[in-house]
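A short worksheet on the structure shown next.
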Amino acid sequence: MTEIQALILGILQGLTEFLPVSSSGHLVFLQNVFGLEGDLLAFDIVVHFGTLLAVFCYFWRDLIRITADTCGYLTAWVLRRKKNSMSLDYPYSVPGIFVFVGSLPTAVIAFGFKDLLEKFYNWLPLTIGAWVVMGVLLILSKKISNEEERTLFELNHQDAFWIGTLQGLAIIPGISRSGSTILAGMFMGLEKDAAARYSFLLAIPAIVGAGLLKMKDGIDLFHENTSVMLIGFFASAVAGYFTIACLMSLIRRSRFYVFGYYLLTIAVIASAFMLFKG
604 MTEIQALILG ILQGLTEFLP VSSSGHLVFL QNVFGLEGDL LAFDIVVHFG TLLAVFCYFW
664 RDLIRITADT CGYLTAWVLR RKKNSMSLDY PYSVPGIFVF VGSLPTAVIA FGFKDLLEKF
724 YNWLPLTIGA WVVMGVLLIL SKKISNEEER TLFELNHQDA FWIGTLQGLA IIPGISRSGS
784 TILAGMFMGL EKDAAARYSF LLAIPAIVGA GLLKMKDGID LFHENTSVML IGFFASAVAG
844 YFTIACLMSL IRRSRFYVFG YYLLTIAVIA SAFMLFKG
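Read left to right, the sequence shown gives residues 604 to 881 (my numbering).
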């Protein structure tokens, strides 16, 4: 992989990690276009850490409050040995606790299907099919209408379980992690802004977990291609930060569904590429 290719893939990762269009799917497609050989999963992990930095930079205020309230709630629970009110006494502990709960089904699915994923990771037809499914679901999302939408501080165990489960399914290239989790939150009755914020927070342990899962490969590749890895890392971080800001604005304006048309278009383009390539 050249530095220019790393820059392109890093920017692409930053753009597509948070937009509901599947970053892994685009990386698989471009790997086929560039004719890249080797384990793209390792490079994928490096640029994912770049997008993790973007999340920390954009949501640093929320993360400080969540950490403080979650620690406060757990400390009070241990010392008093009784149930405290998360929503009243430590409101920011609600998303904190349920990020942990939502990460459990994600981890089970990721570990359980890791070997199967690696066998089919670079198989373009799977990515194209997943793009079509995501595209249709995103277009249908404009019909979602909840009479009583809940805030980030009204999350419950059921929300966390199902959203975390769908995040786990996003290990399939073409299934967008952000798209599936935000859609799930909206279908579960969360406000659009709340669904998006929970999705971004839930991404933190998912990205860290994926990094640890492939850490050895990532370290080996980093030492072999230091400049390529650094370019990809910083490109994904900068692009990711501005993408988060853009997506939050689009969600508040109820324009989330437009990405569905993009996914259907890229699926057609990828199909044509696959046919002409033979």
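Note that beta-carbon positions come from the ideal geometry of N, C-alpha and C, so glycine has one too.
Given that a residue counts as buried once 16 or more other Cβ atoms are within 10 Å of its Cβ, and exposed if not, what is Asn759?
Burial call: exposed.
Unbroken alpha helix (DSSP H) run spanning Ile700, endpoints:
Ser696 to Gly715
When Ile774, Leu656, Ser781 and Lys795 are compared against Ser748, the one with the closest alpha-carbon:
Of the listed residues, the one whose Cα sits closest to Ser748 is Lys795.
How about Ile731 and Gly771: are their beta carbons less than 8 Å apart?
no
What do you get for Thr678, buried or exposed, if any count of 16 or more other CB atoms within 10 angstroms of its CB means buried?
exposed
Determine the contact status of Ser830 and Glu606, defining contact as a CB-CB distance below 8 Å.
Cβ atoms of Ser830 and Glu606: closer than 8 Å.
Does DSSP put Leu758 in a helix, a strand or coil?
coil
Which listed residue (Ser874, Leu630 and Gly792) has its alpha carbon closest to that of Ile775:
Leu630
What are the residues that DSSP puts in a beta bridge with Arg753?
Leu793
Using the Cβ count rule (16 or more neighbours within 10 Å means buried), how would you classify Tyr864?
Exposed, because fewer than 16 other Cβ atoms sit within 10 Å of the Cβ of Tyr864.
Can you tell me whether DSSP reads Pro776 as helix, strand or coil?
coil
State buried or exposed for Arg683, treating a residue as buried only when at least 16 other CB atoms are found within 10 Å of its CB.
exposed
Alpha helix (DSSP H) segment containing Thr673, residue limits
Taken as a continuous stretch (DSSP letters only), the alpha helix (DSSP H) holding Thr673 covers Trp663 to Arg683.
Is it buried or exposed for Asp718, if we count other Cβ within 10 angstroms and need 16 for buried?
exposed
How many angstroms separate the CA atom of Val861 from the CA atom of Asp672?
Each residue's alpha carbon lies about 36 Å from the other.
Are Gly617 and Val841 touching if we call contact CB-CB under 8 Å?
yes
Going by beta-carbon coordinates alone, are Ala657 and Ile847 separated by less than 8 Å?
yes
Of the listed residues Leu793, Lys746 and Ala813, nearest to Phe714 (C-alpha basis)
Ala813
With a Cβ-Cβ cutoff of 8 Å, do Gly767 and Leu815 count as a contact?
no
How is Ser874 classed by DSSP in three states: helix, strand or coil?
DSSP places Ser874 in helix when its eight states are reduced to three.
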